[in-house]
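The block underneath contains the structure these notes are about, expressed in structure tokens.
In my numbering, the protein residues as written are 148 to 592.
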């Protein structure tokens with residue numbers, strides 16, 4: 148029996164433990180009211196199927212591009228192109244969806260975006276490797292145009308169908324289920340890549356991801372928002388809305404109305420510090436995105452099987468950490484939980500930088516799963532606590548812009564920095580940035 152097969156068998160034992168722990172996952176101090184159960188179930192199944200996409204395409208796409216010979220510049224484009232699309236289309240998306248409910252906007256934008264994953268399946272056998280890299284970048288760019296809508300409005304949609312007192316429980320459960328399905332899928336993807344040829348293995352990986360994307364979308368369509376939110380469309384302060392006020396007799400200069408349509412007041416009000424924290428937080432996480440795949444392939448020389456096992460270890464611990472989100476949130480609050488998770492992520496990045504042996508790499512994934520469970524459970528809920536209920540779209544639109552500005556800057560800046568100081572030094576620079584941002588979040592009130 149080969150070493151990878153032994154590792155796979157040991158991890159299947161871990162999976163059995165995880166499945167038993169799922170029973171604990173759904174226990175809550177008080178029974179879920181009957182009117183919420185259907186929506187909660189579909190929110191859980193939505194993210195569980197999304198784990199298939201995450202454990203296959205989203206884990207291995209950059210690795211696939213790296214094995215095709217993608218440069219750090221091309222990997223930077225792959226990281227930055229979705230962010231560029233989001234920056235360009237966030238506010239136009241608000242105008243286009245001003246007559247839609249958040250549920251309708253999320254459902255249909257998710258369907259259109261996720262159909263593009265089908266295009267990846269035949270790619271490994273159709274085109275030369277150097278052409279495939281640019282096609283993957285193009286697919287990623289185009290699919291994220293409808294993806295802007297879901298990225299902006301999903302948090303509003305989640306807030307509408309989940310009462311505030313249940314958000315910690317639902318978010319923790321979603322994160323845990325996401326961890327389980329991602330873990331299992333990463334193991335299956337690694338097994339397929341180990342047993343099949345390079346091209347056929349990645350076709351299987353991309354097909355698994357497409358299945359998960361479609362099933363996740365189905366459950367978004369099955370969620371029933373409260374009657375009031377289902378009937379009322381999202382109406383952000385768009386240019387048309389401001390112009391309509393002027394037509395009714397308000398004295399609003401035409402030039403000023405264009406600025407008001409951007410809702411710049413959000414960036415100057417109480418939400419401004421949250422936007423800066425979001426930008427710094429996401430930059431500290433995404434800064435290493437363009438350089439990690441090359442470092443894994445070239446410096447650490449990790450195989451696809453090792454990467455899949457590392458991903459499985461990460462999601463096992465992410466699952467275990469997600470089980471504690473509700474308890475830790477009540478003890479620390481979402482802000483401190485986010486900061487502690489980021490501090491753990493800075494430690495794990497240090498370990499990853501020196502992962503020249505498999506066990507060190509697996510240790511980094513083991514600890515990292517806990518840190519990211521805290522961040523995933525804390526950050527979104529921390530933001531939702533600060534967003535006014537009657538003005539969700541504009542605040543979440545700027546939140547989305549802050550995230551994508553950080554991703555874009557990371558994708559464009561990290562490759563040249565790595566070229567000047569080396570990839571290892573770039574990773575250690577990101578370690579310091581994560582620790583600094585965690586300290587800033589802890590000081591924030």
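Idealized CB from N, CA, C, for every residue including glycine. As the structure is a prediction and not an experimental result, all values here were calculated from the model.
Straight-line gap, residue i to residue j (C-alpha atoms, nearest Å)
i: residue 506; j: residue 487; result: 24 Å
i: residue 581; j: residue 338; result: 33 Å
i: residue 609; j: residue 299; result: With the chain running from 148 to 592 in the structure shown, residue 609 is simply not present.
i: residue 517; j: residue 526; result: 14 Å
i: residue 387; j: residue 246; result: Interpretation of residue 387 is limited by its pLDDT of 37, a score under 50 that renders its predicted location unreliable; the figure taken from the coordinates is listed afterwards. Distance between the alpha carbons of residue 387 and residue 246: 12 Å.
i: residue 369; j: residue 448; result: 44 Å
i: residue 470; j: residue 458; result: 18 Å
i: residue 366; j: residue 192; result: 7 Å
i: residue 306; j: residue 201; result: 23 Å
i: residue 351; j: residue 260; result: 20 Å
i: residue 563; j: residue 434; result: 12 Å
i: residue 591; j: residue 482; result: 8 Å
i: residue 248; j: residue 571; result: 47 Å
i: residue 539; j: residue 546; result: 10 Å
i: residue 514; j: residue 522; result: 13 Å
i: residue 456; j: residue 178; result: 37 Å
i: residue 565; j: residue 287; result: 23 Å
i: residue 359; j: residue 353; result: 10 Å
i: residue 578; j: residue 270; result: 36 Å
i: residue 583; j: residue 331; result: 34 Å
i: residue 462; j: residue 258; result: 26 Å
Residue i in three-state terms, based on DSSP
i: residue 415; result: coil
i: residue 473; result: helix
i: residue 564; result: helix
i: residue 591; result: coil
i: residue 371; result: coil
i: residue 222; result: helix
i: residue 583; result: helix
i: residue 365; result: helix
i: residue 217; result: coil
i: residue 427; result: helix
i: residue 350; result: helix
i: residue 311; result: helix
i: residue 553; result: helix
i: residue 316; result: helix
i: residue 229; result: helix
i: residue 269; result: coil
i: residue 205; result: helix
i: residue 494; result: helix
i: residue 261; result: helix
i: residue 194; result: helix
i: residue 332; result: helix
i: residue 344; result: coil
i: residue 533; result: helix
Buried versus exposed call for residue i [16 or more other C-beta atoms within 10 Å across all chains shown]
i: residue 389; result: Any reading at residue 389 must be qualified, since the residue scores a pLDDT of 32, below 50, and its modelled position is unreliable; the value itself is stated next. Burial call: buried.
i: residue 569; result: exposed
i: residue 466; result: buried
i: residue 504; result: exposed
i: residue 216; result: exposed
i: residue 520; result: buried
i: residue 346; result: exposed
i: residue 272; result: exposed
i: residue 413; result: buried
i: residue 411; result: exposed
i: residue 229; result: buried
i: residue 281; result: exposed
i: residue 496; result: buried
i: residue 335; result: buried
From the options, residue whose alpha carbon lies closest to that of residue i
i: residue 226; options: 212, 437 and 274; result: 437
i: residue 195; options: 215, 362 and 220; result: 362
i: residue 327; options: 439, 500, 253 and 197; result: 197
i: residue 446; options: 213, 558, 514 and 584; result: 213
i: residue 594; options: 489, 267, 344 and 531; result: Nothing can be reported for residue 594: it is not among the residues displayed for the chain, which extend from 148 to 592.
i: residue 553; options: 494, 590, 422 and 585; result: 422
i: residue 285; options: 412, 491, 221 and 483; result: 221
i: residue 313; options: 287, 301 and 472; result: 472
i: residue 318; options: 289, 551 and 190; result: 190
i: residue 464; options: 491, 210 and 481; result: 491
i: residue 236; options: 575, 277 and 548; result: 548
i: residue 442; options: 234, 578, 574 and 268; result: 574
i: residue 204; options: 439, 586, 264 and 485; result: 264
i: residue 541; options: 330, 349 and 415; result: 415
i: residue 537; options: 587, 372 and 303; result: 303
i: residue 182; options: 551, 371 and 291; result: 371
i: residue 256; options: 233, 297, 268 and 289; result: 297
Any chain B beta carbon closer than 7 Å to residue i
i: residue 357; result: Considering every chain present, this structure includes no chain B. It has just one protein chain.
The region 425-443 / the region 476-484 touching (three or more Cβ pairs under 8 Å):
Not touching, per the Cβ criterion.
Please confirm if the region 308-326 is in contact with the region 446-454, defined as three or more CB-CB distances below 8 Å between the two stretches.
Not touching, per the Cβ criterion.
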